[in-house]
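Peer 1: Below: one structure in structure tokens.
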Amino acid sequence: MSTRPALFIDRDGTLIADAHYLSDVQLVQLLPATGAATQLARSAGVPVIIVTNQSGIARGLITPAQYEATRERTTALVESVGGAILATYHCPHLPDVTGACDCRKPGLGMYHQASREHGIDLTRSAYIGDRWRDAQPA
Numbered sequence: 072m073s074t075r076p077a078l079f080i081d082r083d084g085t086l087i088a089d090a091h092y093l094s095d096v097q098l099v100q101l102l103p104a105t106g107a108a109t110q111l112a113r114s115a116g117v118p119v120i121i122v123t124n125q126s127g128i129a130r131g132l133i134t135p136a137q138y139e140a141t142r143e144r145t146t147a148l149v150e151s152v153g154g155a156i157l158a159t160y161h162c163p164h165l166p167d168v169t170g171a172c173d174c175r176k177p178g179l180g181m182y183h184q185a186s187r188e189h190g191i192d193l194t195r196s197a198y199i200g201d202r203w204r205d206a207q208p209a
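Under this note's numbering, the residues of the sequence shown are numbered 72 to 209, in order.
Right, dumping it as structure tokens:
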């Protein structure tokens, strides 16, 4: 049963600077305000979960390995400021290339997966992002 809330955070342009199809870990830069939010969430016992659309994978602009390296770097930067990331979910699809999917925001697939895997109550959770369409599930 889902009982605990979570703080869902978008990655590019919200948690880290948007570098447009980020493939180089050296370009990963944590944005101070959301880095601080992860620290506050941790101190309040609220898990932080990243949900991010990564259509650059479907477009062939970044590889899954490059995405994974930037994910690891993002997590390390959050930890360096006292925050923590419980999990990261990404949608590698682009409907025009791969067809429709239920994971691409504003779809609910990543949120439902997080709820199932971590016992998250979506009705008690919050979302931070930089695009209105991504916040529609909230």
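Just so you know, even glycine gets a beta-carbon here, dropped at the ideal spot from N, CA and C.
Measuring CB atoms only, is the stretch 98–107 touching the stretch 144–162, in the sense that at least three cross pairs come out at less than 8 Å?
Peer 2: Yes: at least three Cβ pairs fall under 8 Å.
Peer 1: Nearest-angstrom Cα distance between His189 and Ser94?
Peer 2: When rounded, the distance between both Cα atoms is 28 Å.
Peer 1: So does the stretch 115–129 actually touch the stretch 76–91, counting three or more Cβ pairs closer than 8 Å?
Peer 2: Yes, since at least three Cβ pairs between the stretch 115–129 and the stretch 76–91 fall closer than 8 Å, the two stretches touch.
Peer 1: Going straight from the alpha carbon of Ala155 to that of Val168, what length do you get?
Peer 2: So the two alpha carbons sit approximately 34 Å from each other.
Peer 1: From what residue to what residue does the alpha helix (DSSP H) around Leu148 run?
Peer 2: Residues Pro135 to Ser151.
Peer 1: Tell me the rounded alpha-carbon separation between Trp203 and Pro177.
Peer 2: Their backbone Cα atoms lie some 9 Å apart in a straight line.
Peer 1: Near Ala112, what residues of its chain come up, given a Cβ to Cβ distance below 6 Å and the 5 sequence neighbours on each side ignored?
Peer 2: Excluding residues within five positions, the ones whose Cβ falls inside 6 Å are Leu78 and Val119.
Peer 1: Going straight from the alpha carbon of Tyr138 to that of Thr74, what length do you get?
Peer 2: Going from the Cα of Tyr138 to the Cα of Thr74 covers about 31 Å.
Peer 1: Apart from the five residues just before and just after Cys174, which ones in its own chain have a Cβ nearer than 6 Å to its Cβ?
Peer 2: Correct list, in chain order: Cys162, Gly180 and Met181.
Peer 1: Do His164 and Leu172 come within 7 Å of each other at the CB atom, strictly closer than that value?
Peer 2: Going by the sequence as given, residue 172 is Cys instead of Leu. The answer is yes: Cβ separation under 7 Å.
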